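Residue numbers (the working numbering), protein chains in the order written: chain X, 1 to 160; chain L, 161 to 320. Each remark here refers to the structure printed beneath this line.
Protein chains: 2
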Amino acid sequence: MTPRTTPSVDEETPRVDGIERLAHTDLAAEPFFLAARLASTGSAGANRALAELGLKVRHYSVLALACSGEEPTQRELSQFLVLDPSQIVSIIDELEQRGAVERRTDPRDRRSKILAPTAAGRSLYGEAKALVARSTGDSLAELSAAERDELFRLLRKAAL
Amino acid sequence: MTPRTTPSVDEETPRVDGIERLAHTDLAAEPFFLAARLASTGSAGANRALAELGLKVRHYSVLALACSGEEPTQRELSQFLVLDPSQIVSIIDELEQRGAVERRTDPRDRRSKILAPTAAGRSLYGEAKALVARSTGDSLAELSAAERDELFRLLRKAAL
DNA sequence: TATTGTTATACTCTATAACTATA
DNA sequence: TATAGTTATAGAGTATAACAATA
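So this is what it looks like as structure tokens:
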């Protein structure tokens, strides 16, 4: 998310009791509810996977965009990740202290700062991406490959 | 998500500039990112829609389950909505003060409390549901009816 | 005058532990 | 001894306003 923040899910994603009974309610038929639940459990899983690298989803997201080659400004990151500009500041501060990214003033508009990865940052992103991919695979284990593709296509159309 | 909390999106969901450039990055191809973004914007829209009734998505979700006929306990609500039991307490407190729901001790286990709607609560839920449906329609405006159905089916399979 | 990034601050949401009443 | 709900509290995330530098 922006991955928007991250809600909380237990270690094993327990699929607890009451859930079966409530799965047939009207609420469980609301797309926004389902999207939120998937995002919730998905982000929680990704956060668990990223913990061994000392990263959270929000840092991973910023690092990924820094490594994208698009040379995003902080303002663009804020818009794309649906996070407040002030939040972007602190996320980048942490990545920068860690030596994963650096800020460069945009020559075309010296008010803006472009986020660029360091070599270490690129390497870190490579590791993190693999961990996230594994976590995502687990989260979508119920779906066939074709279903995953279709879900991806529809999510992309709806969310972007 | 539960409606998990709600991130922030601006009034008109502006589809701002940088988003086009970043839409082709690796991050934008991660399902968890897309799900989070959809949940984020969807919940924000639902919150805006519900504001005129003095409700937020979390209250709406609890009210919906109270009205479902399944007589959920607070523990079940906590599990289904992926919210801490203590959060359920305060959400129900607010709905109860408003006269929309009431707590009834479960006769089969007097430790548990079953959440039941009042007549006013049912009526409130009816209004709220219509507002949410309109907001959801707006959020998924990019999708055809068939695509919405398919997205719903896949989200349900993956999230529940 | 408007915008980018920054700082400080307040607010909301989330997580934890301790308590009670039941089991 | 264990579980449901409650309370209090601390922590993380989010939103707001004001400021410096640049446009």
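Built from N, CA and C at the ideal position, the CB exists for glycine as well. Bear in mind that the values here come from a model prediction, so they are computed numbers and not experimental data.
Taking 8 Å as the CB-CB cut-off, is residue i touching chain X?
{"i": "P277/L", "result": "no"}
{"i": "L315/L", "result": "yes"}
{"i": "P232/L", "result": "yes"}
{"i": "E256/L", "result": "no"}
{"i": "L320/L", "result": "yes"}
{"i": "I179/L", "result": "yes"}
{"i": "E236/L", "result": "yes"}
{"i": "L300/L", "result": "yes"}
{"i": "V249/L", "result": "no"}
{"i": "R197/L", "result": "yes"}
{"i": "E310/L", "result": "yes"}
{"i": "L194/L", "result": "yes"}
{"i": "A209/L", "result": "no"}
{"i": "A206/L", "result": "yes"}
{"i": "S200/L", "result": "yes"}
{"i": "L182/L", "result": "yes"}
{"i": "L215/L", "result": "no"}
The ligand GTP and residue i: does the residue's C-beta get closer than 7 Å to at least one heavy atom of that ligand?
{"i": "R316/L", "result": "Among the components of this structure there are no ligands whatsoever, and the ligand GTP is therefore not found."}
Could you check the C-alpha separation between residue i and residue j for me, to the nearest Å?
{"i": "R75/X", "j": "A23/X", "result": "40 Å"}
{"i": "E96/X", "j": "A116/X", "result": "10 Å"}
{"i": "A159/X", "j": "I114/X", "result": "25 Å"}
{"i": "S228/L", "j": "A279/L", "result": "13 Å"}
{"i": "N47/X", "j": "G54/X", "result": "9 Å"}
{"i": "L27/X", "j": "L143/X", "result": "22 Å"}
{"i": "S321/L", "j": "R111/X", "result": "This structure leaves residue 321/L out entirely; chain L is present only between 161 and 320."}
{"i": "L315/L", "j": "S43/X", "result": "15 Å"}
{"i": "G99/X", "j": "P245/L", "result": "40 Å"}
{"i": "A51/X", "j": "E310/L", "result": "34 Å"}
{"i": "A141/X", "j": "K317/L", "result": "10 Å"}
{"i": "S78/X", "j": "S90/X", "result": "12 Å"}
{"i": "T25/X", "j": "T201/L", "result": "23 Å"}
{"i": "G137/X", "j": "A290/L", "result": "35 Å"}
{"i": "G281/L", "j": "A305/L", "result": "31 Å"}
{"i": "K216/L", "j": "V292/L", "result": "11 Å"}
{"i": "R134/X", "j": "G45/X", "result": "10 Å"}
{"i": "A196/L", "j": "A36/X", "result": "7 Å"}
{"i": "T166/L", "j": "E254/L", "result": "The pLDDT assigned to T166/L is 32, lower than 50, so where the model puts this residue is not dependable; a value taken from the coordinates is nonetheless given after this. Going by the C-alpha atoms only, they are around 18 Å apart."}
Please check if any C-beta of chain L sits within less than 8 Å of the C-beta of residue i.
{"i": "T25/X", "result": "yes"}
{"i": "V101/X", "result": "no"}
{"i": "R58/X", "result": "no"}
{"i": "E30/X", "result": "yes"}
{"i": "E52/X", "result": "no"}
{"i": "S61/X", "result": "yes"}
{"i": "E127/X", "result": "no"}
{"i": "L65/X", "result": "yes"}
{"i": "S43/X", "result": "yes"}
{"i": "E147/X", "result": "yes"}
{"i": "T105/X", "result": "no"}
{"i": "L124/X", "result": "no"}
{"i": "L68/X", "result": "First, the amino acid is wrong: residue 68/X is Ser here, not Leu. Yes, its Cβ sits closer than 8 Å to a Cβ of chain L."}
{"i": "L131/X", "result": "no"}
For residue i versus residue j, is the C-beta distance shorter than 8 Å?
{"i": "A39/X", "j": "A199/L", "result": "yes"}
{"i": "I248/L", "j": "V261/L", "result": "no"}
{"i": "P232/L", "j": "L243/L", "result": "no"}
{"i": "F312/L", "j": "I19/X", "result": "no"}
{"i": "E70/X", "j": "R181/L", "result": "yes"}
Notebook entry, point to check: Do the stretch 187-197 of chain L and the stretch 278-287 of chain L touch if we need at least three Cβ pairs shorter than 8 Å?
Noted result: no
Margin query: Quick check: the stretch 213-226 of chain L against the stretch 96-106 of chain X, are at least 3 beta-carbon pairs closer than 8 Å?
Written below: no
Margin query: So within the stretch 30-64 of chain X, which uninterrupted alpha helix (DSSP H) runs reach at least 4 residues, ignoring any that extend past its ends?
Written below: 31-50
Notebook entry, point to check: In the stretch 220-275 of chain L, which residue ranges form an unbroken alpha helix (DSSP H) of at least 4 residues, counting only runs that do not cross its ends?
Noted result: 234-241 and 245-257
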